[in-house]
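The numbering used here numbers the first residue of the sequence shown as 44 and each following residue consecutively.
Every residue, glycine too, gets a C-beta built ideally from N, C-alpha and C.
All remarks here apply to the structure that follows.
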Amino acid sequence: MKVAIVFNEANLNYYKERNKEQKKALDFVPYFDVEYYNPFDCFEQMAQGLRDVGYEAYTLNIKDNYEVFLKDYKKNKPDVVFNLVEIFHDRANLEMSFAGLMELMRVPYTGADPIALGTCQRKTMAKSIMHAFNIQTPNYQIITGTEDIEEIHLKFPIIVKPAMEDASIGIEFDSVVESYESLKNKIENVLFNMHQYALIEEYIDGRELNVAVLGDKKLKVLPISEIDFSRMPDHLHNIVSFQAKWDPYHEAYHSTVAICPAILPKEVEEKAQELALRTFRALGCRDYARVDMRLSAKNELFVLEVNPNPDLTEDAGFMRSTKASGITFKKTLKRIVDLAYVRKEVVKQ
């Protein structure tokens, strides 16, 4: 089987220049290696993993030009496209459009379809669907303009998020606010600097759980992973901010260590697994996704968001859970590809 691992990294100089940076002096003791994430290494690692299980795999960077994909598809005719396109022309909302292109071409591809990608990225829509399916999520409001700020009825503390981003973009440590003035400032930052609606939620102080789900028609909930905040400095909120995810020179990056499998009461574990399955289905996910939750001090579970097509780096959250379940990195990739190939055969029939 031939597999094209397709991604979109148009700004190549960004990674080259960033990785040339001198290592900064740190005023804390790092837990992880201090180096920036290089997506190109990850994509090639995935290709090699698929080659090791017998597939012919190659990587393709479309560089903000969908015609690159069209030409390659016509030339190489891959059996499956491993879809890793997350942004196009710096617009996250075009992620669904590339999947839509493959739908129109009837090309078998991995991961979520356009509707699921668009729904999960528009957090407001995802929240509405969760409510319709009686899936508990923090109390929230959508702020579409400054006039809405006068009509806020949530309890402090409140967390402010951009309504149409993923990967924790726009979530900083000052996103958790405890006063009206701070709330107003953060909302205005989202509205006027990020040019989108603001999603505000009642902040749930508690444990953060990542529940990975693998499969399409038959689903498997993988061992639950927990973000351990015990190392988080007192002056930072216990959240997975952008810095905590992506900046190895920030102390939060080294203070959000994952524990997998999470140590949970059996009843809570079973409820979290059942909730992840319901949420996965409600939002139309397929192949692989991660459902992020908060567990309150009263052992109540709240779904924060759903991440279709999450990061598949070998040491990232989703693969951490597959490893804990006994499925290797290579076999996980193979399983995801096989799920897409089965859909190709169904279309043929």
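Beta-carbon contacts of residue i that lie in its chain and below 7 Å, excluding the five residues immediately before and after
| i | result |
| --- | --- |
| L320 | V256, L262 and V264 |
| A53 | K106 and D107 |
| I379 | T153, D330 and Y331 |
| P304 | P266, I267 and A367 |
| I185 | T167, A206, Y240 and L242 |
| K227 | I192 |
Cutoff 8 Å; reference residue i; Cβ partners in own chain excluding five residues on either side
| i | result |
| --- | --- |
| L159 | The question names Leu, but residue 159 in the sequence shown is Ala. Around A159: L326, G327, C328, R329 and P351. |
| S13 | One cannot answer for residue 13 here, as it falls past the ends of the chain, which runs 44 to 392. |
| Y384 | M44, D122, V123 and P151 |
| A315 | L252, V254, I267, L307, M336, L338 and L344 |
| A287 | S211, H293, A295, Y296, S298 and T299 |
| L137 | I130 and F131 |
| L197 | N182, Y183, Q184, I243, E244 and E245 |
| L382 | T153, G258, D259, R329 and D330 |
| M362 | L355, T356, F372 and T375 |
Start-to-end residues for the alpha helix (DSSP H) that takes in residue i
| i | result |
| --- | --- |
| V311 | K309 to A325 |
| I230 | Y223 to N236 |
| A367 | G360 to A367 |
| L93 | P82 to D95 |
| Y109 | Y109 to N119 |
Exposure of residue i, with buried meaning 16 or more beta-carbon neighbours within 10 Å
| i | result |
| --- | --- |
| Q392 | Any reading at Q392 needs caution, since the residue's pLDDT is 49, under 50, leaving its predicted position unreliable; the model's value is listed next. Classification for Q392: exposed. |
| L127 | buried |
| F83 | exposed |
| T187 | exposed |
| F176 | exposed |
| V77 | exposed |
| K416 | Because residue 416 is not part of the residues shown, which for the chain are 44 to 392, the question remains open. |
| P73 | exposed |
| G161 | buried |
| F235 | exposed |
| Y223 | exposed |
| N119 | exposed |
| S273 | exposed |
| Y79 | exposed |
Close Cβ partners of residue i (< 6 Å) along its chain, the five nearest in sequence each way excluded
| i | result |
| --- | --- |
| L93 | V46, A100 and L376 |
| D95 | K373 |
| R165 | M207 |
| F394 | A question about residue 394 goes unanswered here, because the residues of the chain that appear run from 44 up to 392. |
| V111 | I105 |
| P353 | R333 and F361 |
| N281 | F272 and M275 |
Integer-rounded CB distance, given that residue j should sit under 8 Å from residue i
| i | j | result |
| --- | --- | --- |
| P291 | F75 | 7 Å |
| N104 | F50 | 6 Å |
| Y116 | L144 | Actually they do not touch by this definition, with Cβ atoms about 10 Å apart. |
| T102 | I48 | 5 Å |
Cutoff 8 Å: residue i Cβ touching any chain D Cβ
| i | result |
| --- | --- |
| G369 | Chain labels in this structure do not include chain D; a single protein chain is all it has. |
N- and C-terminal bounds of the beta strand (DSSP E) containing residue i
| i | result |
| --- | --- |
| P351 | L344 to P351 |
| F50 | K45 to F50 |
| L69 | Note, L69: premise wrong, no beta strand (DSSP E); not H, not E. |
**Study point:** Whole runs of the alpha helix (DSSP H) within the segment 266-306, excluding any shorter than 4 residues
**Key:** The qualifying runs are 285-289.
Point to revise | Length-filtered (4 minimum) alpha helix (DSSP H) runs lying within the segment 129-183 | key: The segment 129-183 contains these whole alpha helix (DSSP H) runs: 138-148, 157-164 and 166-175.
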